[in-house]
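Engineer: The C-terminal position of the sequence shown is numbered 283 in the numbering used here, with every residue numbered one higher than the one before it. By construction, the Cβ of each residue, glycine as well, lies at the ideal position given by its N, Cα and C atoms. Owing to the predicted nature of the structure, the values given are computational and were not obtained by experimental measurement. Here's a structure for you.
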Amino acid sequence: MYRRAVQYIKPMEQGWTRPHIFKCDDHKSYVVKLSNNPDGTSVLANEWIASRLAELLNLPIAKCSIVMITRDLLDMYPELKKLDIPPGLHIGTRYAKDGVNVGDNVDLSDCNNVHYAAGMIAFDHWINNWDRHVTQANLLYLEVKREIMLIDHSDAFFGPDWNMEEWWDDPEKMDVFWGPLYEKFVPFIDNYDPFDSYLTAIESLDEDDIRNAVHGLPDQWSIPEDDLDELVNFLLYRKDRVRFAIEELIHHFPVWQTARYEY
Numbered sequence: 021m022y023r024r025a026v027q028y029i030k031p032m033e034q035g036w037t038r039p040h041i042f043k044c045d046d047h048k049s050y051v052v053k054l055s056n057n058p059d060g061t062s063v064l065a066n067e068w069i070a071s072r073l074a075e076l077l078n079l080p081i082a083k084c085s086i087v088m089i090t091r092d093l094l095d096m097y098p099e100l101k102k103l104d105i106p107p108g109l110h111i112g113t114r115y116a117k118d119g120v121n122v123g124d125n126v127d128l129s130d131c132n133n134v135h136y137a138a139g140m141i142a143f144d145h146w147i148n149n150w151d152r153h154v155t156q157a158n159l160l161y162l163e164v165k166r167e168i169m170l171i172d173h174s175d176a177f178f179g180p181d182w183n184m185e186e187w188w189d190d191p192e193k194m195d196v197f198w199g200p201l202y203e204k205f206v207p208f209i210d211n212y213d214p215f216d217s218y219l220t221a222i223e224s225l226d227e228d229d230i231r232n233a234v235h236g237l238p239d240q241w242s243i244p245e246d247d248l249d250e251l252v253n254f255l256l257y258r259k260d261r262v263r264f265a266i267e268e269l270i271h272h273f274p275v276w277q278t279a280r281y282e283y
């Protein structure tokens, strides 16, 4: 099932992948990453797969849809015609008009779902989404609902290059991430074991869960099935090792550290 774009709104003001906002046939606006973006169709695959994996963990991720953009629609807008956008299937995430970057001095004390930050941190380590903790731009705060929402997973799986050698160069190695975005959440999620429920959820996923999330991409994106199989193996291997990476963060969490020491 995909959404059909029916109206072009405008380009986004920021973003390496140069996304654009389209209104679709469900009367909702989507931030659409195009198949001819600078990093190629693996960006689209990363967004789609990360979204499905996050949904398995019940994390608050922006609703993601495959978006059909027709030649007729492209021909209606001169600003689109000059971008040489191929008609067909692209990737879109629901546009949050009231969303602001969490890095923009957001007061999280009134956030209704701040506890999901622990799941976000565990998720980022599992899929090697290496840029959220430093950019502070890949997490929105919805001012009306007072909720956080995960966005932008272009750099998951070590980035859009899908370098198998990098995936398996040192399979025992789990990069440990920490930065100003994660730091903001310490006062709100620090407890005797803040990550355990999310780590258990990741560890509980079976091969069918992960395979169903990874496979089923549009043929137009030209992602080889062998690469998708390799990504499944990569995620299966890592899911039982995320806990060890997260343990490296304990010194950032005073309550957790004290509880562990006392135990």
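With a Cβ-Cβ cutoff of 8 Å, do Trp68 and Ile86 count as a contact?
Structural biologist: Yes, these two residues count as a Cβ contact at 8 Å.
Engineer: Assuming Leu251 is part of the alpha helix (DSSP H), what are its boundary residues?
Structural biologist: From DSSP, the alpha helix (DSSP H) with Leu251 extends over Glu245 to Lys259.
Engineer: Which residue or residues does DSSP assign as beta-bridge partners of Glu167?
Structural biologist: DSSP output for Glu167 lists Leu162 as bridge partner(s).
Engineer: Whole angstroms are fine: how far does the CA of Ser174 sit from the CA of Leu79?
Structural biologist: So the alpha carbons of these two residues sit roughly 17 Å apart.
Engineer: Identify which residue in Ile147, Met169 and Phe215 has its Cα closest to the Cα of Gln156.
Structural biologist: When only C-alpha atoms are compared, the closest one is Met169.
Engineer: According to the Cβ coordinates, are Leu251 and Phe143 closer than 8 Å?
Structural biologist: No. Outside cutoff.
Engineer: Could you work out which residue in Asn149, Leu160 and Asp213 is closest to Asp127 when comparing CA atoms only?
Structural biologist: The shortest C-alpha separation from Asp127 is found at Leu160.
Engineer: So, helix, strand or coil for Asn285, using DSSP?
Structural biologist: Here the chain has residues from 21 to 283 only, and residue 285 is not among them.
Engineer: Between Phe208 and Val275, is the Cβ-Cβ spacing less than 8 Å?
Structural biologist: Taking 8 Å as the Cβ cut-off, Phe208 and Val275 do not qualify as a contacting pair.
Engineer: Please return the same chain residues whose Cβ sits closer than 6 Å to the Cβ of Ala137, not counting the five positions on each side in sequence.
Structural biologist: Contacts found: Phe205 and Ile209.
Engineer: Please go through the segment 61 to 116 and give each complete beta strand (DSSP E) segment of 3 or more residues, from N-terminal end onward.
Structural biologist: Fully enclosed beta strand (DSSP E) runs of 3 or longer: 84 to 89 and 108 to 114.
Engineer: Measuring alpha carbon to alpha carbon, tell me which of Ser129, Glu185 and Val26 ends up nearest Asp95.
Structural biologist: Checked all of Ser129, Glu185 and Val26; the closest Cα to Asp95 is Val26.
Engineer: Starting from Ala279 and walking both ways along the alpha helix (DSSP H), at which residues does that stretch end?
Structural biologist: Start and end: Pro274 to Glu282.
Engineer: Could you please give the first and the last residue of the uninterrupted beta strand (DSSP E) stretch that includes His40?
Structural biologist: Here the beta strand (DSSP E) through His40 covers His40 to Cys44.
Engineer: Using the rule of at least 16 other Cβ atoms within 10 Å of the residue's Cβ for burial, across every protein chain shown, is Phe273 buried or exposed?
Structural biologist: By the 10 Å Cβ count, Phe273 comes out buried.
Engineer: Whole angstroms is fine: what's the gap from Arg23's alpha carbon to Gly60's?
Structural biologist: Cα-Cα distance, rounded: 21 Å.
Engineer: Between which two residues does the alpha helix (DSSP H) carrying Ile209 extend?
Structural biologist: Counting along the chain, the alpha helix (DSSP H) containing Ile209 begins and ends at Val206 to Ile209.
Engineer: May I ask you to list the residues that DSSP assigns as paired with Gly123?
Structural biologist: Paired residue(s): none; Gly123 is not in a bridge.
Engineer: By how many angstroms is the C-alpha of Glu203 removed from the C-alpha of Val4?
Structural biologist: Since the displayed the chain opens at 21 and closes at 283, residue 4 lies outside it and no answer follows.
Engineer: Is Pro214 helix, strand or coil when you go by DSSP?
Structural biologist: It is coil, neither helix nor strand.
Engineer: Spatial neighbours of Gly139 within its chain, please: CB distance less than 7 Å, with the 5 preceding and 5 following residues excluded, ordered by chain position.
Structural biologist: Closer than 7 Å at the Cβ level, and outside the excluded window around Gly139, lie Leu77, Leu79 and Tyr218.
Engineer: Is Ile111 near Lys53, with beta carbons less than 8 Å apart?
Structural biologist: Yes, the Cβ-Cβ distance between Ile111 and Lys53 is below 8 Å.
Engineer: What does DSSP give as the partner residues of Pro31 in its beta bridges?
Structural biologist: DSSP, once it has assigned bridges, lists His40 as partnering Pro31.
Engineer: Taking buried to mean at least 16 other C-beta atoms within 10 Å of its own C-beta, is Pro214 buried or exposed?
Structural biologist: Per the 10 Å Cβ criterion, buried.
Engineer: Between which two residues does the alpha helix (DSSP H) containing Val134 stretch?
Structural biologist: It is not in any alpha helix (DSSP H) - Val134 carries neither H nor E in the DSSP assignment.
Engineer: Can you give the Cα-Cα distance for Gly119 and Glu167, rounded to whole angstroms?
Structural biologist: Gly119 and Glu167: Cα-Cα distance of roughly 9 Å.
Engineer: Please check if any C-beta of chain C sits within less than 8 Å of the C-beta of Glu163.
Structural biologist: No chain C is part of this structure, which consists of one protein chain only.
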